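For reference, the structure discussed in these notes is given below.
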């Protein structure tokens, strides 16, 4: 292997031995592995994760680290990137699988375009990887070479929040983008350290290049519960707080960025969805989340109405009307 590989595939994992085996099995390349390394950071798993890694010791250019205790997702992401030696890093979800020939396409694109970020499309799958839909990034706000001319236009055009760097498997980035400084530690426990890191790099890099592949590169496994998705609506509230914070702290509250994040968020989560979640959970929206939703363009009247419809005595009535076709 070269002293510095082109690409480090960085896989954070915790207690997903069976899925990890599928993920590692999907890593295939035509030709030599001399420019690619695979690194796994095991977040103190208690299942058969180490046994799975041993099975791939001689199959892949693989090395791994084992955390002495569970660090949480963000610190584990940071730890696996810190172990990387490649010019580029790909944080790959341990439950996702790479589509055949995608690694070759990624390698070729990195070599030819030398982007700051390579955006990857994906196939949204079920828990059993049945194909549900294909998501490809839109190229608005870029010139023909991938030069980012208008970050607001790029954000606003995307189909969902995952594709603006919320979904770890959907992008490859220059390792130099990822900061391990004291200031970056404020993103620990946000559940979105990767999103903060990439947007910080885009905002601070002159003339960044974002390149794309024409075909999806991975199948994203859906419906896998974690500490966020286990609670109805929690990912929606997290997305609202995160996007509002990214706009304020990284982009300085630029109106065009605020508008872009807001239009994307409201398209993904219309007020009908917010009302439905409140009606199902009977949990009020906290002040920080309410402020974030207003920042993203919902009116106070809309939110008051949504909260009113979410009250216990209106729950069944709200669910009836909101789910009626």
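Residue numbers (UniProt numbering): 1 to 325.
Idealized CB from N, CA, C, for every residue including glycine.
In this text, all values refer to a predicted model and were calculated from it rather than measured experimentally.
Leaving out five residues on either side along the sequence, give the residues of the same chain with a beta carbon under 6 Å from the beta carbon of residue i.
i	result
residue 52	17, 20 and 21
residue 292	240, 241 and 244
residue 255	none
Residues in its own chain within less than 7 Å of residue i by CB, not counting five upstream and five downstream?
i	result
residue 71	43 and 79
residue 2	Only weak support exists for where residue 2 lies, its pLDDT of 49 falling under 50; the value from the coordinates is given anyway. Excluding positions up to five away in sequence, the list reads 34 and 35.
residue 268	160 and 161
Is the CB-CB distance between residue i and residue j below 7 Å?
i	j	result
residue 296	residue 209	no
residue 10	residue 29	no
residue 168	residue 93	yes
residue 122	residue 170	yes
residue 8	residue 102	no
residue 173	residue 195	no
residue 205	residue 149	no
residue 207	residue 113	no
residue 61	residue 41	no
residue 233	residue 290	no
Please classify residue i as buried or exposed, where buried requires at least 16 other C-beta atoms within 10 Å of its C-beta.
i	result
residue 180	exposed
residue 32	exposed
residue 270	exposed
residue 27	buried
residue 144	exposed
residue 301	exposed
residue 200	buried
residue 284	exposed
Residue i lies in the beta strand (DSSP E); which residues open and close that run?
i	result
residue 63	62-66
residue 41	36-42
residue 19	Counting along the chain, residue 19 falls outside any beta strand (DSSP E), though it belongs to the alpha helix (DSSP H) covering 17-25.
residue 173	171-174
residue 180	No beta strand (DSSP E) holds residue 180; DSSP gives it neither H nor E.
So residue i is in the alpha helix (DSSP H); what residue range does that whole segment cover?
i	result
residue 13	Counting along the chain, residue 13 falls outside any alpha helix (DSSP H), though it belongs to the beta strand (DSSP E) covering 7-13.
residue 308	300-309
residue 193	193-204
Quick one: residues in its chain with C-beta nearer than 8 Å to the C-beta of residue i, no 5 flanking neighbours on either side, listed in chain order?
i	result
residue 6	35, 36, 86, 87, 88, 107, 110 and 111
residue 257	151, 152, 155, 247 and 251
residue 222	124, 125, 126, 127 and 132
request  = Note down, one range per segment and in chain order, each alpha helix (DSSP H) of at least 4 residues found wholly within the region 248-272.
outcome  = 255-268
query = Whole alpha helix (DSSP H) runs in the region 110-187 with 4 or more residues, listed along the chain?
reply = 151-157
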